[in-house]
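Reading through the structure tokens given below for one structure.
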Amino acid sequence: MKEFVIRKRKEKNYVQVTCRIEEEILDKIDRIVLDCNLYSRNSFINDCLRFAVDNMKIEQEF
Numbered sequence: 440m441k442e443f444v445i446r447k448r449k450e451k452n453y454v455q456v457t458c459r460i461e462e463e464i465l466d467k468i469d470r471i472v473l474d475c476n477l478y479s480r481n482s483f484i485n486d487c488l489r490f491a492v493d494n495m496k497i498e499q500e501f
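Next up, the structure:
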């Protein structure tokens, strides 16, 4: 599996949406953002989603 590399990125255009995130996961996200001195929680979540979508494998039911 590819490694997930955390890095600061330039600002991009975003669309605001609402989603529910488990409190435990959000706590971990906030800790990573603080420990790695990232720009924001949002940019980190976008990086996580981008990585997950780009590297996911969809199982086909037969």
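Residue numbers for the sequence shown follow the working numbering, so the first one is 440 and each next one is one higher. C-beta: ideal position from N, C-alpha, C; glycine also. As the structure is a prediction and not an experimental result, all values here were calculated from the model.
Please determine, among Asn-476, Asn-485 and Glu-500, the residue with the shortest C-alpha to C-alpha distance to Val-454. Locating residue 454 in the sequence shown gives position 15, where the first residue counts as 1. Of the listed residues, the one whose Cα sits closest to Val-454 is Asn-485.
Roughly how many angstroms separate the alpha carbons of Lys-447 and Phe-483, rounded to a whole number? By 1-based counting over the sequence shown, the position of residue 447 is 8. By 1-based counting over the sequence shown, the position of residue 483 is 44. Distance between the alpha carbons of Lys-447 and Phe-483: 9 Å.
Helix or strand or just coil, what does DSSP make of Phe-443? For the purposes of this step, residue 443 is taken as residue 4 along the sequence shown, with counting starting at 1. Coil, per DSSP.
Kindly indicate the opening and closing residues of the alpha helix (DSSP H) around Ile-468. Along the sequence shown, read from residue 1 onward, the residue named residue 468 stands at position 29. Run containing Ile-468: 462-474, per the alpha helix (DSSP H) assignment.
So for Arg-489, helix, strand or coil by DSSP? Here residue 489 is taken as the residue at index 50 of the sequence shown, counted from 1. The answer is helix: DSSP assigns Arg-489 an H, G or I state.
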